[in-house]
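Enquirer:
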Amino acid sequence: MAKPTTRTQFKDYCLRRLGFPVIEINVDEDQVEDRIDDALQFFEDYHFDGVEKLFMKHKITEEDISRRWIQVPDPVIFVTGIFPFDDSNSSINMFDLRYQLRLHDLYDFTSVSYVSYEITMQHIQTLNLLFSGKPQFRFNRHQNKLFLDVDWDRDLQAGEYVIVECYRALRPDTVTLTGTVTGNTASNTLIGYGTTFDQQLVENDFISIGGESKQVRNINSATQITLVGPMSSNVDNVSVTYSGVSDVWNDRFLKRYATALIKYQWGSNLSKFAGIQMPGGVTLDGPRIMEEARTEIDKIEEEMYNMTSLPSEIFTG
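Counted from 1, the sequence shown has number 198 at position 199 by numbering that gives the first Met the number 0; the numbering is strictly sequential.
1) Since V114 contacts P134 with CB under 8 Å, what's their CB separation in whole angstroms?
2) Measuring alpha carbon to alpha carbon, tell me which of I64, L53, F82, A292 ends up nearest P72.
3) To the nearest angstrom, report how far apart Q336 and E202 are at their CA atoms.
4) State yes or no: is the C-beta of K262 within less than 7 Å of the C-beta of Y160?
5) Secondary structure at S89, three-state DSSP: helix, strand or coil?
6) With DSSP run on the structure shown, which of helix, strand or coil describes D204?
7) What residues in its chain sit with their C-beta under 8 Å from that of S245, if we drop five residues either side in the sequence?
8) DSSP three-state call for G18: helix, strand or coil?
9) Report the three-state DSSP secondary structure of F272 (helix, strand or coil).
10) Assuming M306 is part of the beta strand (DSSP E), what are its boundary residues?
11) Output needed for T173: all residues of its chain with C-beta closer than 8 Å, excluding positions within five of it in sequence on either side, in chain order.
12) Between the C-alpha atoms of Q40 and R34, what's the straight-line distance to the nearest angstrom?
13) What residues in its chain sit with their C-beta under 8 Å from that of M306, if we drop five residues either side in the sequence?
Right under this line is the structure:
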């Protein structure tokens, strides 16, 4: 399979690249799986094709206000910004300053210059930045908690939305979500039992429920989601799976990097028997395989850093 689309096909590809089945690759099955996981983690952290940028909206709940932080789904690995908590991004009403400027100063674009309007808008943005500032936040991917450094009782209310600019890892595997769901054709809402939707899913994800593929519109809570359209048939306590982006398995950097890591593991295993002569006079040369693999790993990592690395803003926030 020259173009792997599953984890098994990807693993077989890496082993064939090392010489299997012509050569016996002295690596345990679990070791291969571990090295693939290591390759995926590095790929997600440093390769721009390993993540996708998205704007995730979260509806503030009383629980959020009480605990002073927001639950972030596990696939999200970087948070780079929070939209300001004001009306600058909302629709403009007739009493808004921007509306009045457009009404009186830009009533005729054919004869009125928009330069003064643009200067005024920049001035308003400067005033907002001076008096309101940008929302400050703290996020660590291992906690899955987004801390907003605001006055939660004054600046946020239950039912309001917070827009989070973030990056999520592209998961290539099909994942079975926690718990089960129940739903019917009369509603596009699914009720979960023992589920953690707010930790596992992001809006617009495609999930499979009882063999039917549906798109997620909203993550209402840990136990409730809203779909884009109702189910075509009733479901009762069925499992839900998330289909990963299978094309990730065919990324050339990921294939090269995972193969090099498995090769290093192979050399590490053989190095325990360095100098021991096998039947037929063959001597295992594990250290040399390790050295070759180390050179390949360093070269691939350098290429990722220089050619395909993510922008530095995601590390600084």
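Using N, Cα and C, we set each Cβ at its ideal position, and we do this for glycine too. Since this is a predicted model, take the numbers as computed values, not measurements.
Expert: With the structure as the only source:
1) With 8 Å as the limit, V114 and P134 do not qualify as a contact, their Cβ atoms being about 31 Å apart.
2) Looking at the Cα atoms, L53 is the closest of the given residues.
3) Only positions 0 to 316 of the chain appear in this structure, which leaves residue 336 out of reach.
4) no
5) Because S89 sits at a pLDDT of 49, beneath the cut-off of 50, its placement in the model cannot be relied upon, and the following sentence gives the value as read from the coordinates. Three-state result, S89: coil.
6) In the three-state scheme derived from DSSP, where H, G and I count as helix and E and B as strand, D204 is classed as coil.
7) T4, T5, P171
8) coil
9) coil
10) That residue, M306, is in no beta strand (DSSP E); it is neither H nor E in DSSP.
11) T240, Y241, S242, G243, listed in sequence order.
12) 10 Å
13) Setting aside the 5 residues that flank it on each side, M306 has no residue in the same chain whose C-beta is closer than 8 Å to its C-beta.
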